[in-house]
Amino acid sequence: MTKDHGPSIKNDEVYESLREDGASKEKAARIANAQANDEMSPSEKGGKASNLEDRTKDELYDRAQELDIDGRSKMDKGELIEAIREH
């Protein structure tokens with residue numbers, strides 16, 4: 001039986017599955033809610049975001065700060081890219 005995660009989670013079954021696979025709460029909620037929304041297509045590539053490797057370290061740092069990634073101030077460019085992708 002799927003647990004009810006409240007009104008902020010639109011698809012509890014997808015949310016639980018993603019959490020079991022190791023996704024963060026935030027990521028699981030984003031994906032579960034996108035899949036529950038008929039106007040969104042989370043399985044389709046958007047292609048709008050620039051390649052992380054093309055961004056400067058300062059741009060990557062700013063993005064890591066937006067995502068509240070711990071330890072970002074000590075990371076080099078490669079580590080920032082990896083942390084952003086894993087978030």
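Residue numbers (full-length UniProt numbering): 1 to 87.
Using N, Cα and C, we set each Cβ at its ideal position, and we do this for glycine too.
This structure is a prediction, so every number in the text was calculated from the model and none was measured.
Rounded Cβ spacing between I9 and A32 (contact assumed at less than 8 Å)
As a position in the sequence shown, residue 9 is number 9, starting the count at 1. As a position in the sequence shown, residue 32 is number 32, starting the count at 1. With 8 Å as the limit, I9 and A32 qualify as a contact, their Cβ atoms being about 6 Å apart.
Hey, quick one: how far does the alpha helix (DSSP H) through S17 stretch, first residue to last?
By one-based count along the sequence shown, residue 17 stands at place 17. Run containing S17: D12 to E20, per the alpha helix (DSSP H) assignment.
Return the chain-ordered list of same chain residues with a C-beta closer than 8 Å to the C-beta of K57, the five sequence neighbours on each side being excluded.
The residue labelled residue 57 in the question sits at position 57 within the sequence shown. For K57, the CB contacts under 8 Å within the same chain, skipping 5 residues up- and downstream, are D76, K77 and L80 in chain order.
Taking the C-alpha atoms as reference points, what is the distance between G12 and A28?
For this step, residue 12 is matched to residue 12 along the sequence shown. For this step, residue 28 is matched to residue 28 along the sequence shown. The sequence shown places Asp at residue 12, not Gly. Cα-Cα distance, rounded: 10 Å.
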